[in-house]
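Asker: Handing you this structure, nothing more for now.
Protein chains: 2
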Amino acid sequence: MKIKDATTEEKIKNAARIVFYKKGFAATRTRDIAEEAGINLALLNYYFRSKAKLFEIIMTETMAAFFQNLMIVLNSKKTTLDKKVEEIVERYIDLIIKEPEIPTFIISELRTNPGLLLQKIPLSEVIKTSIFFQQHQEAVKKGIIREPNPLHFLINMLGLTVFPFIAKPILIGSNELNDWEFENLMLERKKLIPIWIKSMMSTG
Amino acid sequence: MKIKDATTEEKIKNAARIVFYKKGFAATRTRDIAEEAGINLALLNYYFRSKAKLFEIIMTETMAAFFQNLMIVLNSKKTTLDKKVEEIVERYIDLIIKEPEIPTFIISELRTNPGLLLQKIPLSEVIKTSIFFQQHQEAVKKGIIREPNPLHFLINMLGLTVFPFIAKPILIGSNELNDWEFENLMLERKKLIPIWIKSMMSTG
DNA sequence: GTCTATAACGTGATAGAC
DNA sequence: GTCTATCACGTTATAGAC
Chain A
4 MKIKDATTEE KIKNAARIVF YKKGFAATRT RDIAEEAGIN LALLNYYFRS
54 KAKLFEIIMT ETMAAFFQNL MIVLNSKKTT LDKKVEEIVE RYIDLIIKEP
104 EIPTFIISEL RTNPGLLLQK IPLSEVIKTS IFFQQHQEAV KKGIIREPNP
154 LHFLINMLGL TVFPFIAKPI LIGSNELNDW EFENLMLERK KLIPIWIKSM
204 MSTG
Chain B
4 MKIKDATTEE KIKNAARIVF YKKGFAATRT RDIAEEAGIN LALLNYYFRS
54 KAKLFEIIMT ETMAAFFQNL MIVLNSKKTT LDKKVEEIVE RYIDLIIKEP
104 EIPTFIISEL RTNPGLLLQK IPLSEVIKTS IFFQQHQEAV KKGIIREPNP
154 LHFLINMLGL TVFPFIAKPI LIGSNELNDW EFENLMLERK KLIPIWIKSM
204 MSTG
């Protein structure tokens, strides 16, 4: 094992991330990962027991990193509900612009792997015990928010934020929208979505 | 070839739809399809040249059926913009409740198959020449709608409608939400989304 | 048209030299 | 730790009998 520099183990993991994100588990060949990492196929099985094991590591880390953002913001005592929306929308749009394949990767792989590691991310508890939940209830009581179910709030916020990235191939492919225009559209939404959320959730 | 009854060709296609929707192209084995269809594996290659060819047929039909709804409604001269939103939201929620795997299937497979058949569904032209587009522009001119870009309108409408179904595994897996509760939540949204859209798009 | 048997190939994983 | 060579297996697709 090398002392410093980019470990081969890390090189393999980075390569695995790239290929798994792009092709998904089933369509990925371990040879692709090895080539991407610039190492031999046998090394992959030396460091990680199998393709499945390597995948599970990537998947776990990806899910954790992706939802961590959400959890932290939802549980902040220092920010208002409006500010939480702003932060989440901004964080996720920036994150997904950097790593555009993550949402579709998560969605696609959760389809096959049923309950792979959902238990490890207890969204349920976070929702019902979070500061966000308390603030939402308070806003409902005050009449600032009409819809009493916080799930609608979360779904709307994440849907408006994440959906366009998932649907990107359709937008790009069918419209004469190019990558640059698409990104600009998404940056526009960083400012628009919080405004939209505020007005839509006070109606109904 | 049989005269009437369910043709074996149809039986294979129906089986292929089920398995492809569930597992995706890469993870699907032709044996699974044959078994699901109750026929022999060789017959699959007799009717359709290959796994890829069979998949392409299913994919094409699925995409066409899925987007046809959208196109028809967007081009109706008889309905107002508000009514178009109501119709699209209702149609898609009903459709996806019946066939829940379709959105994730389309998203997942478009990732690998780059521009498989996007050219065949010219969303671009439909947007720019549709009645919807004219009505949207008119509403912007009158100040009823603030955001001038119709893409935001479409993205928001489809995002609020389709996204929760795509994110269902996360909602079900992490929350103590069961299938029945989830479906009820979606049915609620049939009424809520048009109201939300109306109020959010008049702001910003 | 439908089946059984099998060919042809790709892929995950390991053995063993260095 | 890292490589080459190879095994073992699953899967697509076809040949050929019925």
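Chains as they are written, first to last, in this note's numbering: chain A, 4 to 207; chain B, 4 to 207. Just so you know, even glycine gets a beta-carbon here, dropped at the ideal spot from N, CA and C. Remember, it's a predicted structure, so these values are computed and weren't measured experimentally.
By DSSP, does Lys5 of chain B sit in helix, in strand, or in coil?
Answerer: Unreliable positioning characterises Lys5 of chain B in this predicted model, as indicated by a pLDDT of 43, which lies under 50. A coordinate reading is not provided.
Asker: Less than 8 Å between the CB atoms is what I'm expecting for Ala18 of chain A and Ala45 of chain A, so what's the real figure, rounded?
Answerer: Ala18 of chain A to Ala45 of chain A, Cβ: 15 Å. No contact.
Asker: In whole angstroms, give me the CA-to-CA distance for Leu195 of chain A and Ala67 of chain B.
Answerer: In a straight line, the C-alpha of Leu195 of chain A is about 32 Å away from that of Ala67 of chain B.
Asker: Taking all protein chains shown into account, decide if Tyr49 of chain A is buried (16 or more other Cβ within 10 angstroms of its Cβ) or exposed.
Answerer: When all chains shown are included, Tyr49 of chain A counts as exposed.
Asker: Which value, in whole angstroms, describes the spacing of the CA atoms of Lys201 of chain A and Asp85 of chain A?
Answerer: Taking the straight line from one Cα to the other gives about 8 Å.
Asker: How would you call Ile60 of chain A, buried or exposed, if buried means at least 16 neighbouring beta carbons within 10 angstroms?
Answerer: That one is exposed.
Asker: Specify the secondary structure class of Lys81 of chain B as computed by DSSP and reduced to three states.
Answerer: DSSP places Lys81 of chain B in coil when its eight states are reduced to three.
Asker: When we look at the beta-carbon of Ala170 of chain B and count the other beta-carbons within 10 Å, is it buried (16 or more) or exposed?
Answerer: Per the 10 Å Cβ criterion, buried.
Asker: Using a Cβ-Cβ cut-off of less than 8 Å, list which residues of the region 149-169 of chain A approach chain B; keep chain order.
Answerer: If the cut-off is 8 Å between Cβ atoms, the region 149-169 of chain A has Glu150, Asn152, Leu154, His155, Ile158, Asn159, Leu161, Gly162, Leu163, Val165, Phe166, Pro167 and Ile169 near chain B.
Asker: Let me check understanding here. Comparing Cα to Cα, which of B:Glu93, B:Tyr24, B:Ser53 and B:Val88 lies closest to Met189 of chain B?
Answerer: Looking at the Cα atoms, B:Glu93 is the closest of the given residues.
Asker: One question on the structure: do Met160 of chain A and Val76 of chain A come within less than 8 Å of each other, judged by their Cβ atoms?
Answerer: Their beta carbons are not under 8 Å apart, which means Met160 of chain A does not touch Val76 of chain A by this criterion.
Asker: Shortest alpha-carbon distance to Glu38 of chain A belongs to which of A:Phe136, A:Ile21 and A:Ile91?
Answerer: Cα-wise, what sits closest to Glu38 of chain A is A:Ile21.
Asker: With distances taken Cα to Cα, identify the nearest neighbour of Gly27 of chain B among A:Leu113, A:Leu98, A:Pro151 and A:Trp199.
Answerer: For the residues A:Leu113, A:Leu98, A:Pro151 and A:Trp199, the minimum Cα distance to Gly27 of chain B belongs to A:Leu113.
Asker: Under a CB-based cut-off of 8 Å, is Glu38 of chain B close to chain A?
Answerer: Taking Cβ atoms only, chain A never reaches closer than 8 Å to Glu38 of chain B, which makes this a no.
Asker: Along the region 26-57 of chain A, what residues have a CB closer than 9 Å to any CB found in chain B?
Answerer: Of all residues in the region 26-57 of chain A, Lys26, Gly27, Phe28, Ala29, Ala30 and Thr31 have a Cβ within less than 9 Å of some Cβ in chain B.
Asker: State the start and end residues of the unbroken alpha helix (DSSP H) segment that holds Pro211 of chain A.
Answerer: There is no way to answer for residue 211 of chain A, as the model of chain A reaches only from 4 to 207.
Asker: Of all the options B:Ile99, B:Glu179 and B:Asn152, which has the alpha carbon lying nearest to the alpha carbon of Glu191 of chain A?
Answerer: Nearest of B:Ile99, B:Glu179 and B:Asn152 to Glu191 of chain A, Cα basis: B:Asn152.
Asker: DSSP on Ser205 of chain B, reduced to helix/strand/coil?
Answerer: Coil at Ser205 of chain B, not helix or strand.
Asker: Using a Cβ-Cβ distance under 8 Å, would Arg114 of chain B count as near chain A?
Answerer: With 8 Å as the cut-off, Arg114 of chain B counts as an interface residue toward chain A.
Asker: Only counting the same chain, and skipping five residues up and downstream in sequence, which positions put a Cβ closer than 7 Å to that of Phe168 of chain A?
Answerer: Counting only Cβ-Cβ distances below 7 Å, and skipping sequence neighbours, we find Ile99, Pro103 and Pro106.
Asker: From Val165 of chain B to Thr115 of chain B, what distance separates their C-alpha atoms?
Answerer: So the two alpha carbons sit approximately 21 Å from each other.
Asker: Reducing DSSP to helix, strand and coil, say where Pro197 of chain A ends up.
Answerer: Of the three classes helix, strand and coil, the one that applies to Pro197 of chain A here is helix, per DSSP.
Asker: Please specify which runs of the beta strand (DSSP E), each continuous and at least 3 residues long, are wholly inside the region 129-169 of chain A, giving them in chain order.
Answerer: None, since the region 129-169 of chain A contains no complete beta strand (DSSP E) of that length.
Asker: Give me the Cα-Cα distance between Phe51 of chain A and Leu57 of chain A, rounded to the nearest whole angstrom.
Answerer: Whole-angstrom Cα-Cα distance: 6 Å.
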